[in-house]
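*Asks:*
Protein chains: 2
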Amino acid sequence: MKQIVTLLLSILIVSSCCSKSTLERARTNIFPKGGKVTNNNFTGNVWLQMLGQEEQTLNTGVGNVTFEPGARTKWHLHPGGQIILVTDGIGYYQEKGQPKKILHKGDVIKCPANVEHWHGASENSYFVQIAVTDNKKGSVEWLQPVTEEEYHK
Amino acid sequence: MKQIVTLLLSILIVSSCCSKSTLERARTNIFPKGGKVTNNNFTGNVWLQMLGQEEQTLNTGVGNVTFEPGARTKWHLHPGGQIILVTDGIGYYQEKGQPKKILHKGDVIKCPANVEHWHGASENSYFVQIAVTDNKKGSVEWLQPVTEEEYHK
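In order, the protein sequence lines correspond to chains A and B.
Counting in our numbering, the first sequence runs from 1 upward without gaps.
Counting in our numbering, the second sequence runs from 154 upward without gaps.
#1: Run through chain B and tell me which residues come within less than 7 Å of ILE102 (chain A), C-beta to C-beta.
#2: I'd like to know whether the C-beta of ILE243 (chain B) is nearer than 9 Å to at least one C-beta of chain A.
#3: With respect to the beta strand (DSSP E) encompassing TYR245 (chain B), which residues constitute its N-terminal and C-terminal limits?
#4: Would a C-beta distance cut-off of 9 Å place TYR304 (chain B) and PRO222 (chain B) closer than the cut-off?
#5: I'd like to know whether the C-beta atoms of GLY91 (chain A) and ILE102 (chain A) end up nearer to each other than 9 Å.
#6: For GLY188 (chain B), which residues from the same chain have a beta carbon less than 8 Å from its beta carbon, with the 5 sequence-adjacent residues on both sides left out?
#7: In terms of DSSP beta bridges, what is VAL218 (chain B) paired with?
#8: Going along chain B, which residues have a C-beta under 8 Å from THR87 (chain A)?
#9: If I follow the unbroken alpha helix (DSSP H) through HIS152 (chain A), where does it start and stop?
#10: Based on the DSSP secondary-structure assignment, which residues constitute the bridge partners of ALA121 (chain A)?
#11: Quick one: Cα of LYS258 (chain B) to Cα of ASP88 (chain A), how far?
#12: Is it the case that the Cβ atoms of TRP118 (chain A) and VAL146 (chain A) are separated by a distance below 9 Å?
#13: Using a C-beta to C-beta distance shorter than 7 Å, which residues of chain C count as neighbours of GLY106 (chain A)?
#14: Does the beta carbon of LEU51 (chain A) fall short of 8 Å from some heavy atom of the ligand NAP?
#15: Just to confirm the assignment, what range does the beta strand (DSSP E) spanning LEU143 (chain A) have?
#16: Does chain B have any CB closer than 9 Å to the CB of VAL65 (chain A)?
#17: Is there a Cβ from chain B that is less than 9 Å from the Cβ of THR73 (chain A)?
#18: Indicate the three-state DSSP secondary structure (helix, strand or coil) for HIS78 (chain A) in the structure shown.
#19: Decide if GLY197 (chain B) is buried, meaning its Cβ has at least 16 other Cβ atoms within 10 Å, or exposed.
#20: Do you know offhand how far ASN267 (chain B)'s Cα is from GLU301 (chain B)'s?
#21: Less than 9 Å separating the beta-carbons of VAL128 (chain A) and ILE109 (chain A)?
#22: Nearest chain A C-beta to LEU230 (chain B) closer than 9 Å, yes or no?
#23: Under 7 Å between beta-carbons, which chain A residues line up against LEU204 (chain B)? List them in chain order, please.
This is how it looks when you write it as structure tokens:
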């Protein structure tokens, strides 16, 4: 009996070491988290690490973006469109006039050119994404903040 | 004494369930593995899933590429350059005339335009990468296979 208790207890201890919460997992993401974004184009805390930039090698921006729970972009649009690759956490994506989509690790969003939209973390989870943006037709155009009502809807 | 043995044994059993080999891990990657590549631009087995394509939303190709151990591209070049984001496994990248680089999860390679190079898995591990390619200046130009001597050097 004692042996069974010891066995179950040790399985429990080791199992709990192996499984991490979504919050913790998202902090140990594949690519560097980068620095905290200090401009006012976001609500909440957001970190950005550019992985590729518009330089001689490629005309496309590739950035790793980490949103804390509740953090999100303002409404904005990309003249050349954007692809969002979700690498961790649970987030939201919404195009103007469309219902909010829930995003999970492995989801891919193709955001069409000039379509007003926002994205960010869900209320209770970090959200990590790689954004691939074609800036040759122009840079991102930032619009109004996503209100609490819009965010929670 | 018996309890200690039971404890150690159960920790060992559960630990071995939690840790997966590089081979296994790479098979449970973030993005879809896609279909096996059937053209002759690769040595060994390679799988490709396009995540974004040259379409109206974006002029840049985004592909998830999985190489089995030993598999690699032929030598090739991109007229618009390429960014390689390593998401799992252990791989190699080499530019003509330069030493071979060993790549791990989280590494980012910026391959300059028109530079002859190859990439692929190491001998004993799967290798998974996201390739971001600007094809507007022209498509990939495939060259000669990477010989066994070049691969193992």
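Virtual Cβ for every residue (Gly too), placed ideally from N, Cα, C.
*Replies:* Per the coordinate set shown:
#1: Result: empty, since nearest Cβ-Cβ is about 17 Å, beyond 7 Å.
#2: For ILE243 (chain B), the answer is no, since every Cβ of chain A falls outside 9 Å of its Cβ.
#3: Note, TYR245 (chain B): beta strand (DSSP E), 235–248.
#4: No, these two residues do not count as a Cβ contact at 9 Å.
#5: For GLY91 (chain A) and ILE102 (chain A), yes; Cβs fall inside 9 Å.
#6: Contacts found: TRP200, LEU201 and GLN202.
#7: Beta-bridge pairing links VAL218 (chain B) to B:LEU201 and B:GLN282.
#8: One finds ILE183 and THR240 in chain B with Cβ atoms closer than 8 Å to the Cβ of THR87 (chain A), taken in chain order.
#9: Counting along the chain, HIS152 (chain A) sits inside the alpha helix (DSSP H) bounded by residues 148–152.
#10: Per the DSSP secondary-structure output, ALA121 (chain A) pairs in a beta bridge with A:GLY91.
#11: C-alpha separation (whole angstroms): 14 Å.
#12: Yes. Within cutoff.
#13: Absent here is chain C; the protein component of the structure consists of chains A and B.
#14: Here there are no bound small molecules, and the ligand NAP is not part of this structure.
#15: No residue range can be given for LEU143 (chain A), since it is assigned to no beta strand (DSSP E) and is classified by DSSP as neither H nor E.
#16: No, its Cβ sits nowhere closer than 9 Å to a Cβ of chain B.
#17: No, THR73 (chain A) does not count as interfacial toward chain B.
#18: Three-state result, HIS78 (chain A): coil.
#19: Burial call: exposed.
#20: Rounded to the nearest angstrom, the two C-alpha atoms are 24 Å apart.
#21: Here VAL128 (chain A) is not near ILE109 (chain A), since their CB atoms are 9 Å or more apart.
#22: Taking a beta-carbon distance threshold of 9 Å, LEU230 (chain B) does not count as an interface residue toward chain A.
#23: Per Cβ cutoff of 7 Å: ILE83, LEU85 and VAL108.
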